[in-house]
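Protein chains: 4
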Amino acid sequence: MFVNRRNVTIEWGDCDPAGIVFYPRYFAMFDASTAALFAAALGYSKYEMLKRFDIVGFPIVDTRATFHVPSRFGDVIGIESQASAFNRSSFEVVHRVFRSGEVLAIEASEKRVWAARHPTDPERIKGQTLPPEIVARLSGS
Amino acid sequence: MFVNRRNVTIEWGDCDPAGIVFYPRYFAMFDASTAALFAAALGYSKYEMLKRFDIVGFPIVDTRATFHVPSRFGDVIGIESQASAFNRSSFEVVHRVFRSGEVLAIEASEKRVWAARHPTDPERIKGQTLPPEIVARLSGS
Amino acid sequence: MFVNRRNVTIEWGDCDPAGIVFYPRYFAMFDASTAALFAAALGYSKYEMLKRFDIVGFPIVDTRATFHVPSRFGDVIGIESQASAFNRSSFEVVHRVFRSGEVLAIEASEKRVWAARHPTDPERIKGQTLPPEIVARLSGS
Amino acid sequence: MFVNRRNVTIEWGDCDPAGIVFYPRYFAMFDASTAALFAAALGYSKYEMLKRFDIVGFPIVDTRATFHVPSRFGDVIGIESQASAFNRSSFEVVHRVFRSGEVLAIEASEKRVWAARHPTDPERIKGQTLPPEIVARLSGS
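Protein chains in written order, with this note's numbering: chain B, 1 to 141; chain E, 1001 to 1141; chain C, 2001 to 2141; chain V, 3001 to 3141.
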C-alpha cells in the first residue's frame, strides 16, 4: 500500500488541563492525515478530488483508536497513514502515531464512505462505487 | 448501571463543508458526556472530583465509535452515557446518541485510566486504584 | 434591542494547560450565541433561516474581544447577546459574558455580512441587502 | 521587530458548512503563531520557556481581527507575526494572513499578559514583569 507520513507539532491549544493532548484533537489530525494520504497518492488536493469525482466527501462510519503514550505541547509527532481495505463504496485507513521518532504512541483505524449528494434529496448523502483510479493509487500500484 | 442523558444542540461550527458534524466534535461531546455522567452520579463537578481524589483526570486509552446516521447544525441530539466495566485502575463507558428522539445515530465506547501525577516525576501520570465510592456511584448502587 | 441570554458550561476540553478556557473556544461560543440570538428573535433555527432567505450564512468581517476574568472547566457562564447596529448588508452584535452571575468576564463585538452565493461564481459569496424582517425582529420591534 | 512567518494548510475540519474557515479556528492558528514567534525569537519551545521563566502562559486580554478575504480547505495561508508593543507585564502581537502569496486576507492584533501562578492562591494567575531578555529577543536586538 501507498504510505504517507507527515509531522504534526502539538500546540498549546491541542492540550487540556492535564497538559496532554485532548484526544478529540487527534481525530482532527487523523482526518487531515487521510486527506493528506489521498493528496499524496493522487497528486492533487482533496478540494480538487471532490470536484473531479463529484462527491461531497468521505464521511466516517467507524473508527477506533488505542492510545499508548500521551503527547504534550511542543512535541512533534509523526503520523503514518495508509489504506488497509477497499469495499464497494467504502475504504479503510490505518494511522500510526510515533513520538520521539520510534515510539508507537497511538494506533487508529477508520472506515469511510465515498459519498455523493443523494440524486433526489440534496439534503442527504449516498455511497458511491469507489473509482478504480482511487483504489489503484492508494494501493501504490 | 447509573445512566445519564443530556441533550446537545449541534452548532454551525460543529459541522464541516458537507454540512454534517465533523466527527472529532462528537468525541469532544463524549468527553463532556463522561464528565456529566460522573457529575450526575457523584453529585459534584469534575473539577471538584479531581481535587477530592487528587487525580489529574481520566485520560482515554481506547475508544471506538460507529456512526449510523449523520446530524447537521440545528439538530438536537440526545447522548445517553453509562459505565460498562470497572477494572483496577481503569473503567469503561458507553455512549449512545439518539437523533429525532428514537433513532440510534452513534454507538461509542471508551476506556479511561484513573490517573494521578507520577509520585517521583511530575511530568508523567500514573494509574491509581479506582476508589470504591466511584464504582458504587457509577454502578447506581 | 432584542436580547438573548444563554448559559454555557465550560468543559474540560475547552481549557488549556493553564486550566483556563483556550480563548478561541469563546469565539465558537459567540458564533453559537449569535445563531441563538437569531433563532430566539425569529422563532426558527439558523438552518431554517438560511433556507428561507437563500443565504449561505453570515460570515464574520470584524471581531474584537476584551477578556477581564478567566473561566475554568466546571464554570457556568452566561452569555448575553444583542444586535448593536444594522448596515445595508451587514450587522453588528455584542456579547457580554458573565461569570458567577454578575461578574462581567468578557466583552465582545462582531460585524457580520448577510451573504449569499455569488450569482455567477458559486465558489464565491456576496453580501445581500439585510431583509427588513431580520432588522425588525432583532430590534425587538 | 523580529518577524516570524509560517505557512498553515487549511484543513477540511477547519471549515464550516459555507465551505470557508470557521473563524474561531483562525484564533487557534494565531495562538500557535504567537508561540512560534517566541520559539523562533528565543531559540527554544514555549514548553521550555514556561519552565525557564516559571510562568503558566501568556493568556490573552484583548484581541481584534479584521477579515478581508475568506479561505477554504486546501488553501495554504502564510501568517506573519511580530511583537508590536511591550508594557510592564504585557505585550502586543500583530498577525497578518496572506492568501495566494500576496493577498492580505486577515489583520489581527492581540494583547497578552506574562502570567505566573498567584503566590498565595494557586487557583489564580498574576501578571509578572516581562523579562528584558524576552523584550530584547522579540525586538530583534
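Note that beta-carbon positions come from the ideal geometry of N, C-alpha and C, so glycine has one too.
Pop quiz: residue i and residue j are said to be a contact at Cβ under 8 Å. What is the actual Cβ separation, rounded to whole angstroms?
i: Cys1015 (chain E); j: Val1021 (chain E); result: 6 Å
i: Gly3095 (chain V); j: Phe3030 (chain V); result: It should be pointed out that residue 3095 (chain V) corresponds to His in this sequence rather than to Gly. Yes, they are in contact, since the Cβ atoms of His3095 (chain V) and Phe3030 (chain V) sit about 5 Å apart, within 8 Å.
i: Val56 (chain B); j: Ala1018 (chain E); result: 5 Å
i: Ser2081 (chain C); j: Ser2033 (chain C); result: 5 Å
i: Arg3005 (chain V); j: Phe3058 (chain V); result: Not confirmed; about 20 Å, so no contact.
i: Ile2125 (chain C); j: Ala2115 (chain C); result: 4 Å
Look at the alpha carbon of residue i and the alpha carbon of residue j, and state the distance between them as a whole number of angstroms.
i: Glu2107 (chain C); j: Ala2065 (chain C); result: 6 Å
i: Phe38 (chain B); j: Arg52 (chain B); result: 13 Å
i: Leu138 (chain B); j: Ser84 (chain B); result: 9 Å
i: Glu3048 (chain V); j: Gly1127 (chain E); result: 26 Å
i: Ala35 (chain B); j: Leu1050 (chain E); result: 38 Å
i: Pro2070 (chain C); j: Phe2086 (chain C); result: 31 Å
i: Ser2090 (chain C); j: Ser2141 (chain C); result: 19 Å
i: Glu1102 (chain E); j: Val2097 (chain C); result: 35 Å
i: Phe27 (chain B); j: Arg3025 (chain V); result: 16 Å
i: Pro132 (chain B); j: Ile77 (chain B); result: 32 Å
i: Asp2054 (chain C); j: Arg2072 (chain C); result: 39 Å
i: Tyr1023 (chain E); j: Ile1079 (chain E); result: 15 Å
i: Glu1123 (chain E); j: Pro122 (chain B); result: 51 Å
i: Ile2134 (chain C); j: Pro2119 (chain C); result: 22 Å
i: Gly981 (chain E); j: Gly2013 (chain C); result: Residue 981 (chain E) lies beyond the stretch modelled for chain E, which goes from 1001 to 1141, so this question has no answer here.
i: Arg117 (chain B); j: Gly3043 (chain V); result: 49 Å
Could you list which residues in chain A have their beta carbon closer than 8 Å to that of residue i, in chain order?
i: Trp1114 (chain E); result: Checking the listed chains, one finds no chain A in this structure; the protein chains it contains are B, E, C and V.
Starting from the C-beta of residue i, find all residues in its chain whose C-beta is less than 7 Å away, skip the five residues before and the five after it, and write them out in chain order.
i: Asp3075 (chain V); result: Ile3010, Arg3099
Who are the Cβ neighbours of residue i in its own chain at under 6 Å, not counting the five residues just before and after it?
i: Glu3110 (chain V); result: Ile3060, Thr3063, Val3093
Leaving aside the five residues before and after residue i along the sequence, list all residues of the same chain whose C-beta is less than 8 Å from its C-beta, in chain order.
i: Leu2130 (chain C); result: Phe2086, Asn2087, Arg2088, Ser2089, Ser2090, Phe2091, Trp2114
May I ask you to check if the CB of residue i is nearer than 6 Å to at least one heavy atom of the ligand GDP?
i: Asp1075 (chain E); result: This structure simply doesn't include the ligand GDP, nor any ligand for that matter.
Segment contact, 8 Å Cβ cut-off, at least three pairs: the segment 1058–1075 of chain E with the segment 1097–1116 of chain E:
yes
Mind listing, in chain order, the continuous alpha helix (DSSP H) runs of no fewer than 4 residues lying wholly within the segment 1027–1072 of chain E?
1046–1053
So within the segment 3080–3106 of chain V, which uninterrupted beta strand (DSSP E) runs reach at least 3 residues, ignoring any that extend past its ends?
3090–3099
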